[in-house]
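Peer 1: Below is a structure I'd like to ask you about.
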Amino acid sequence: MIFEPILLSTKTCIGADLNLWLSDHGGHGLKQALKAPELIIDTLKKADLRGMGGAGFPTYRKWQAIADQQSADKYILCNGNEDEPGTFKDRYLLKATPHQIIEGALIAAVAVQANHVYLYINPHQAEALAVMEKAVEQWQISSLLSEVAAYLKRPIELKVVKSSGLYIGGEETAVISSVEEGFPFPREKPPYPFESGVFGKPSLINNVETFATVPHILKNGAEWYNQLGIGNASGTKLYSLSGDVLKPGLYELPMGTTLRELVFTYGGGMLTSSHFKAVFTGGPSNTLLTTADLDVHMDFDSLKEKGSSLGTGAMIVISEGTSIVRKVAEYVDFFAAGSCGQCTSCKTGTYQLARLLRRIDTGSGLRTDLRALESLCSLLPGSGRCALIDGAATVVSSSLKQFYQEYQQQLID
95 MIFEPILLST KTCIGADLNL WLSDHGGHGL KQALKAPELI IDTLKKADLR GMGGAGFPTY
155 RKWQAIADQQ SADKYILCNG NEDEPGTFKD RYLLKATPHQ IIEGALIAAV AVQANHVYLY
215 INPHQAEALA VMEKAVEQWQ ISSLLSEVAA YLKRPIELKV VKSSGLYIGG EETAVISSVE
275 EGFPFPREKP PYPFESGVFG KPSLINNVET FATVPHILKN GAEWYNQLGI GNASGTKLYS
335 LSGDVLKPGL YELPMGTTLR ELVFTYGGGM LTSSHFKAVF TGGPSNTLLT TADLDVHMDF
395 DSLKEKGSSL GTGAMIVISE GTSIVRKVAE YVDFFAAGSC GQCTSCKTGT YQLARLLRRI
455 DTGSGLRTDL RALESLCSLL PGSGRCALID GAATVVSSSL KQFYQEYQQQ LID
């Protein structure tokens, strides 16, 4: 591979050994941040770093919003709740490279003047949780953490917080509820977390991959990060490749790598005697791309032009002969089970979507069921407090658009 990864390189896969991290190339980003804290946010802006948890929101805007708040207490929350089918990048980073994640979160604390840094980890990822807890213990006696506290002029709280382990617990306002030791019910916005988050204080919530990238940008500069991407895209992306490919796995590649390269070059192509049919982009709460889309560049803007989204970077490949209706039904079942039940439209909407899909998949679907699916897909988006119902409706709507004939063929009338 000509491209050398910055997050998945063997140099960074050192587990919970802080001394090894610092003796290699760790700590330089944080030291640079402490030397020129006023330049941190501007550097991220020039680097065009986007949130890697799904939305792709410009990182600097989130950080600036927190920095502008006046409060004696501010919170940094590293969201490691990862629980969606097909997404497995964060758990790898938490296990293999915990110190770059912590360093990125501490850089955020310096940038926005936050004195609480919480690493929010899914307890189902037992190994990742254990590694992060050990890593935090090492940082507690590190001189670098003392330097951060000295800059802030007050003690800094750094700790691991276990999430609820529920899928909905990864939604950003549900993260806040969990940290406050409540049930992870998503909250209405506004107020937004930067205004009123944990215990009513300004709170910054970013994904594991986002924080892991920050130290490298501070160390090497925005221009270096820009040049890693392809075309107008900046940096790298972790792509979780799974499904009917010969070499499924986690690949760090330039942002903007084409879908064709990911599947047929890095993923080794399709399983023997199978042919590419479609891919669920960004995980199962997103749209499907087909053979006609294989040359799309996988970056935030290029996929948006296709009416799709990069999401978490999960790419679930399916081959010819696989039932689209069945795969979509499986994923909507997951969303129905993951609904917190707070919003009636989500609780009943996901259930009805799942029920209709199962009827069609098992050969008992009617044309009225297909029309009901289409109707629900237009009515449900935007009706919940979080994006769970939107994701469920999106994948159904996309599958109907791309494979409507397949749905029709499974009807009994």
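Residue numbering for the sequence shown follows our numbering, starting at 95 and increasing by one per position.
Using N, Cα and C, we set each Cβ at its ideal position, and we do this for glycine too.
Every value quoted in this text rests on a predicted model; they were computed, and no experiment measured them.
#1: So who's on the other strand from LYS256, going by DSSP bridges?
#2: Beta carbon of PRO285, beta carbon of SER297: below 8 Å?
#3: With a Cβ-Cβ cutoff of 8 Å, do TRP134 and ALA244 count as a contact?
#4: Hey, which unbroken runs of the alpha helix (DSSP H) at 4 residues or more fall wholly within the stretch 447-474?
#5: Short check: CB of THR191 to CB of ALA316, under 8 Å?
#6: Is the beta carbon of GLY259 less than 8 Å from the beta carbon of SER334?
#7: Grab me the residues of VAL390's own chain with a C-beta within less than 7 Å of its C-beta, minus the 5 sequence neighbours each way, in chain order.
#8: So, for VAL269: in the same chain, excluding its five sequence neighbours on each side, which residues have a beta-carbon less than 8 Å away from its beta-carbon?
#9: Cutting at 6 Å between CB atoms, please list the residues of its own chain near GLU265, excluding the five before and the five after it.
#10: When burial is assigned at 16 or more other CB atoms within 10 Å of the CB, is ARG461 buried or exposed?
#11: To the nearest whole angstrom, what separates the beta carbons of THR267 and LYS283, a pair I think is in contact under 8 Å?
#12: If we ignore side chains and look at the alpha-carbon of each, how far apart do ASN216 and GLN504 end up?
#13: Give the list of continuous beta strand (DSSP E) stretches no shorter than 3 residues that lie fully inside the stretch 400-433.
#14: Near ARG144, what residues of its chain come up, given a Cβ to Cβ distance below 7 Å and the 5 sequence neighbours on each side ignored?
#15: When burial is assigned at 16 or more other CB atoms within 10 Å of the CB, is HIS369 buried or exposed?
#16: Excluding the 5 residues flanking LEU101 on each side, which residues of the same chain have their C-beta closer than 6 Å to its C-beta?
#17: Taking buried to mean at least 16 other C-beta atoms within 10 Å of its own C-beta, is LEU340 buried or exposed?
#18: Which residue wins for smallest C-alpha separation from SER413, given the options THR381, CYS437, THR366, SER458?
#19: So, helix, strand or coil for CYS440, using DSSP?
#20: DSSP puts ARG479 in a beta bridge; with which residues?
#21: How long is the line joining the alpha carbons of SER458 and GLY291, rounded to whole angstroms?
#22: Can you list, in chain order, the residues of its chain with a C-beta nearer than 6 Å to that of GLN436? Leave out the 5 residues immediately preceding and following it.
#23: Given a cut-off of 8 Å on the beta-carbon distance, is the pair GLU197 and GLY147 in contact?
#24: Between TYR261 and GLY476, which are expected to be in contact by the criterion C-beta below 8 Å, what is the C-beta distance as a whole number of angstroms?
#25: How should GLU98 be labelled, buried or exposed, when 16 other C-beta atoms within 10 angstroms of its C-beta is the threshold for buried?
#26: Given this structure, state the Cα-to-Cα distance separating ALA466 from SER491, to the nearest angstrom.
#27: Can you tell me which of the three DSSP states GLU275 falls into?
#28: According to DSSP, is GLN373 part of a helix, a strand, or is it coil?
#29: Rounded to whole angstroms, what is the Cα-Cα separation between GLY379 and THR488?
#30: Is the Cβ-Cβ distance between ASP338 and VAL411 less than 8 Å?
#31: Output the boundary residues of the beta strand (DSSP E) element that contains ILE299.
#32: Determine the DSSP secondary structure at VAL339, reduced to helix, strand or coil.
#33: May I ask which residues mark the beginning and end of the alpha helix (DSSP H) holding ILE160?
#34: Output the boundary residues of the alpha helix (DSSP H) element that contains LEU365.
#35: Have a look at ARG155 and GLU132 and give me their C-alpha separation to the nearest angstrom.
Peer 2: Answer, in terms of the structure:
#1: Numbered from its first residue, the sequence shown carries residue 256 at position 162. ILE215, per the DSSP bridge assignment.
#2: On the sequence shown, position 191 is the one that residue 285 refers to. On the sequence shown, position 203 is the one that residue 297 refers to. No, the pair does not count as a contact, with Cβ atoms beyond the cut-off.
#3: Translated into the one-based positions of the sequence shown, residue 134 becomes position 40. Translated into the one-based positions of the sequence shown, residue 244 becomes position 150. Before going on, a small fix: residue 134 reads as Ile here, not Trp. Not a contact, by the Cβ cut-off of 8 Å.
#4: 461-473
#5: Along the sequence shown, one-based indexing puts residue 191 at 97. Along the sequence shown, one-based indexing puts residue 316 at 222. No, they are not a contact pair.
#6: Taking the sequence shown and counting its residues from 1, the one referred to as residue 259 is at position 165. Taking the sequence shown and counting its residues from 1, the one referred to as residue 334 is at position 240. Against a cut-off of 8 Å, the Cβ pair of SER334 and GLY259 comes out as no contact.
#7: Sequence index remark: in the sequence shown, residue 390 carries index 296 (1-based). Around VAL390: THR352, LEU353, LEU383, SER396, LEU397, LYS400.
#8: As a working mapping, residue 269 is identified with position 175 in the sequence shown. Answer for VAL269: LEU171, ASN173, ASN175, TYR214, SER257, GLY263, PRO278, ILE299, listed in chain order.
#9: Here residue 265 refers to the residue found at position 171 when the sequence shown is read from its first residue. Same-chain partners within the cutoff: PRO280, CYS480.
#10: The residue you call residue 461 lines up with position 367 of the sequence shown. So ARG461 ends up on the exposed side.
#11: Translated into positions along the sequence shown, residue 267 becomes position 173. Translated into positions along the sequence shown, residue 283 becomes position 189. Yes, THR267 and LYS283 are in contact; Cβ-Cβ is about 7 Å, under 8 Å.
#12: Here residue 216 is taken as the residue at index 122 of the sequence shown, counted from 1. Here residue 504 is taken as the residue at index 410 of the sequence shown, counted from 1. Near 39 Å, if we compare the C-alpha coordinates of GLN504 and ASN216.
#13: 408-413
#14: For the purposes of this step, residue 144 is taken as the residue at position 50 of the sequence shown. Correct list, in chain order: GLY150, PHE151, PRO152, THR153, PHE394.
#15: Position 275 of the sequence shown, counted from the first residue, corresponds to residue 369. Counting Cβ neighbours within 10 Å, HIS369 comes out exposed, since fewer than 16 surround it.
#16: Walking along the sequence shown from the start, residue 101 turns up at place 7. The answer, listed in chain order, is ALA306, GLU346.
#17: Taking the sequence shown and counting its residues from 1, the one referred to as residue 340 is at position 246. LEU340 comes out exposed.
#18: As a first step, residue 413 is located in the sequence shown; it is residue number 319 there, counting from the start. The candidate whose alpha carbon is nearest that of SER413 is THR366.
#19: Numbered from its first residue, the sequence shown carries residue 440 at position 346. If DSSP states are grouped into helix, strand and coil, CYS440 belongs with the helices.
#20: Locating residue 479 in the sequence shown gives position 385, counting from the first residue. Answer by DSSP bridge pairing: none, since ARG479 is not bridged.
#21: For this step, residue 458 is matched to residue 364 along the sequence shown. For this step, residue 291 is matched to residue 197 along the sequence shown. Answer to the nearest angstrom: the Cα atoms are 47 Å apart.
#22: Position 342 of the sequence shown, counting from 1, holds the residue named residue 436. Correct list, in chain order: PHE279.
#23: Residue 197 sits at position 103 when you count from the first residue of the sequence shown. Residue 147 sits at position 53 when you count from the first residue of the sequence shown. In this structure, GLY147 does not lie closer than 8 Å to GLU197 by Cβ.
#24: Taking the first residue of the sequence shown as 1, we reach residue 261 at position 167. Taking the first residue of the sequence shown as 1, we reach residue 476 at position 382. Actually they do not touch by this definition, with Cβ atoms about 20 Å apart.
#25: Mapped onto the sequence shown, residue 98 falls at position 4. With fewer than 16 other Cβ atoms within 10 Å, it is exposed.
#26: Looking up residue 466 in the sequence shown gives position 372. Looking up residue 491 in the sequence shown gives position 397. Taking the straight line joining both Cα atoms gives about 12 Å.
#27: Numbered from 1 along the sequence shown, position 181 holds the residue referred to as residue 275. Coil at GLU275, not helix or strand.
#28: Translated into the one-based positions of the sequence shown, residue 373 becomes position 279. Looking at the sequence itself, residue 373 is Val, so the reference to Gln does not match. VAL373 falls in the strand class under three-state DSSP.
#29: Position 285 of the sequence shown, counting from 1, holds the residue named residue 379. Position 394 of the sequence shown, counting from 1, holds the residue named residue 488. Looking at the sequence itself, residue 379 is Ser, so the reference to Gly does not match. Approximately 7 Å, taken between the alpha carbons.
#30: The residue labelled residue 338 in the question sits at position 244 within the sequence shown. The residue labelled residue 411 in the question sits at position 317 within the sequence shown. Yes.
#31: Within the sequence shown, numbered from 1, the residue matching residue 299 stands at position 205. Residues 297-301.
#32: As a first step, residue 339 must be located in the sequence shown, where it is residue number 245. Looking at VAL339 - three-state DSSP - the assignment turns out to be strand.
#33: On the sequence shown, residue 160 is found 66 positions in, with the first residue counted as 1. ILE160 -> alpha helix (DSSP H) spans 153-161.
#34: Position 271 of the sequence shown, counted from the start, is the residue given in the question as residue 365. Here LEU365 belongs to no alpha helix (DSSP H), and DSSP marks it neither H nor E.
#35: Counting from one through the sequence shown, the residue named residue 155 turns up at place 61. Counting from one through the sequence shown, the residue named residue 132 turns up at place 38. If you take the alpha carbons of ARG155 and GLU132, they lie about 15 Å apart.
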